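These notes are about the structure you will find just below.
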């Protein structure tokens, strides 16, 4: 079949499917793109032909920012449990490098996205072309080489003959749960438009089986033997529980054994918030109950978690001198962390095997009862935070409470950066495994709106509530225009607190006095950014983009606006609700710590005091490299 490289790429992508548990899914459900001289005559022309032939096979979506379209693809892939995703194509130069941040986000979060950036001429016939970065020491290097460290797979198609191997390699990584992340196939612009005679079998339907790897019997036996010795066991549920659809298996295991469950950011929703064995969030943004159980745990069962520093409270969470880890993960890299016993397996398959092998064994009944009591105690704290009645401006926790109250059990809350991820992790009452979507692997400001768009595209039967602060909104709100264009309903709750609230709080705790975190005029008297509040009207900005905007001055007005938004038609486009909050109104404490180094020498009393506190916390850090016989206070 004689086609251009771009036409062959598009035709190939329409024929790729995944299968798990006997259910098939289209792997690449659509393509986001912004066209320029690096892809307009190649992939742009090919996508046009595909759309004219059948608009449903690989729908094209017009993005406004290249980073934003990758975020949307990530949100889509996460919502589809990594079984389907979207492709993203850009021009060369800045269009391509704009996608690098999105690629890093995808890879860190182990989420599949396919990136097809345009590239310079393979023939070098007109070097240097517009937007080409020349490297005198290496003429074959382009800016697209920046994708190498942030991609799980990278290739550049210098010749048409290389395309089949590049595409098949890309699909292999996209569909491997232990390897997946950003997959980049850079495509020189002249090669995209070059014709070649392709074998017809390249375009035959291809189904990629996503396996449920079972644990090795010997590894399972070692894990069972260790668990049978546990007196204070704890499960740390990560995103792997959600992606492998293992929530029922986790619940069955917890109920059969009496082992309580704490959740990471990606794993939140592994158990319903009101389950008596649910301790809620763990780590630096966790609940006191979950962190108390982590501190005392003698055996920790990590399920689908990569043990980030927020989960481990910078390795201060697990304080038992002899604590041991059993790590269930599809990736061997994560399975051996903290010198754990690795069960390299699918989360659902491993939990089912452990439940069967541990039949008759349970944790002490007092352990189960203590977890239920911790759950009840924290729920009362959440109720109080939701109804704080802070004046004159409401607290952010009240905003979260209103959204939680109005949203349905299957609706999705989306967030990524600022102070809200920590508060949501502790306070959000999750009722459905897919109801909580906080990107905290890369915690990218600007992810929220674009990610929420991808979530809604992946799950059009669920309402999506995007929570975004003014700082993150100003980073990237452009994909609101895409939502307007596509008539996609997302409900954006824009919290205006006139600055970077999260970093302001962190700065204060580190003795840096919230420096550089408030949105203020430069003062004529002091010469510093400590003047009056800037007259930025983000509600007016959103309205100018074609968004339906509502201003809420109180929590009751917010609640009413949310109810109206909930009943609005699904094809009515995005709705933004603007609410102002008090950035100094705090949330309940986690009784935990996060390691951010404090200046060792300082003229400021606040910094010196923070350094002294920092050194005390450092004494509780653990290397977690093997079995301990005594607490390491060095």
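Residue numbers (my numbering): 454 to 1087. Positions of the beta carbon are idealized from the N, C-alpha and C atoms, including for glycine. Source: prediction; values computed, not measured.
Residue span of the beta strand (DSSP E) that contains residue i, given as start and end
i, result
"residue 669", "Element bounds for residue 669: n/a, residue is neither H nor E."
"residue 478", "476-479"
"residue 1029", "1028-1033"
"residue 554", "Run containing residue 554: none in the beta strand (DSSP E); it sits in the alpha helix (DSSP H), 553-561."
"residue 922", "917-922"
"residue 457", "455-457"
"residue 795", "794-797"
"residue 949", "944-949"
"residue 548", "Not the beta strand (DSSP E): residue 548 falls in the alpha helix (DSSP H), residues 547-550."
"residue 574", "That residue, residue 574, is in no beta strand (DSSP E); it is neither H nor E in DSSP."
"residue 731", "731-734"
"residue 1078", "First-last for residue 1078: undefined, no H or E at that position."
"residue 640", "635-641"
"residue 1002", "1001-1005"
"residue 608", "606-609"
Rounded C-alpha distance that separates residue i from residue j
i, j, result
"residue 720", "residue 994", "35 Å"
"residue 471", "residue 564", "15 Å"
"residue 1086", "residue 770", "Per-residue confidence for residue 1086 stands at a pLDDT of 37, beneath the threshold of 50, marking its modelled position as unreliable; the derived number appears in the next sentence. Whole-angstrom Cα-Cα distance: 14 Å."
"residue 568", "residue 542", "6 Å"
"residue 952", "residue 788", "39 Å"
"residue 583", "residue 1056", "50 Å"
"residue 1081", "residue 1075", "Any reading at residue 1081 must be qualified, since the residue scores a pLDDT of 43, below 50, and its modelled position is unreliable; no value is offered."
"residue 455", "residue 1031", "54 Å"
"residue 709", "residue 724", "14 Å"
"residue 983", "residue 1048", "28 Å"
"residue 1088", "residue 998", "No answer is possible for residue 1088: the residues shown for the chain start at 454 and end at 1087."
"residue 631", "residue 536", "13 Å"
"residue 870", "residue 899", "8 Å"
"residue 884", "residue 728", "10 Å"
"residue 1005", "residue 482", "37 Å"
"residue 512", "residue 835", "43 Å"
"residue 882", "residue 500", "42 Å"
"residue 948", "residue 978", "30 Å"
"residue 571", "residue 552", "11 Å"
"residue 597", "residue 619", "16 Å"
"residue 1035", "residue 902", "22 Å"
"residue 1042", "residue 894", "22 Å"
"residue 1084", "residue 668", "The predicted model places residue 1084 with a pLDDT of 36, which falls under 50 and marks its position as unreliable; any figure quoted below should be read in that light. Whole-angstrom Cα-Cα distance: 32 Å."
"residue 484", "residue 599", "22 Å"
"residue 1001", "residue 1026", "8 Å"
"residue 855", "residue 1033", "14 Å"
"residue 591", "residue 792", "41 Å"
"residue 715", "residue 743", "6 Å"
For residue i: DSSP bridge partner residues
i, result
"residue 661", "471"
"residue 889", "866"
"residue 973", "986"
"residue 515", "486"
"residue 540", "484 and 567"
"residue 782", "797"
"residue 688", "714 and 754"
"residue 696", "DSSP output for residue 696 lists no bridge partner at all."
"residue 952", "971"
"residue 650", "455"
Integer-rounded CB distance, given that residue j should sit under 8 Å from residue i
i, j, result
"residue 548", "residue 519", "5 Å"
"residue 610", "residue 578", "About 17 Å separates the two Cβ atoms, so there is no contact after all."
"residue 904", "residue 867", "6 Å"
"residue 824", "residue 1045", "Rounded, the Cβ-Cβ distance is 18 Å, inconsistent with contact."
"residue 943", "residue 906", "6 Å"
"residue 958", "residue 818", "40 Å between Cβ atoms; not a contact."
"residue 939", "residue 514", "7 Å"
"residue 545", "residue 642", "7 Å"
"residue 814", "residue 681", "6 Å"
"residue 595", "residue 573", "5 Å"
Limits of the alpha helix (DSSP H) - the one that residue i falls within
i, result
"residue 932", "932-939"
"residue 875", "873-880"
"residue 741", "741-749"
"residue 849", "849-859"
Cβ contact check for the segment 874-892 and the segment 723-739: 3 or more pairs under 8 Å: yes
Cβ contact check for the segment 691-702 and the segment 788-803: 3 or more pairs under 8 Å: As far as the Cβ criterion goes, the segment 691-702 touches the segment 788-803, which means the pair count is three or higher.
Given 8 Å, three or more beta-carbon pairs between the segment 500-513 and the segment 861-873: no
Contact the segment 525-532 vs the segment 905-919: 3+ CB pairs below 8 Å: yes
Cβ contact check for the segment 771-790 and the segment 747-758: 3 or more pairs under 8 Å: yes
Segment contact flag, the segment 679-693 with the segment 840-851, C-beta cutoff 8 Å, min 3 pairs: no
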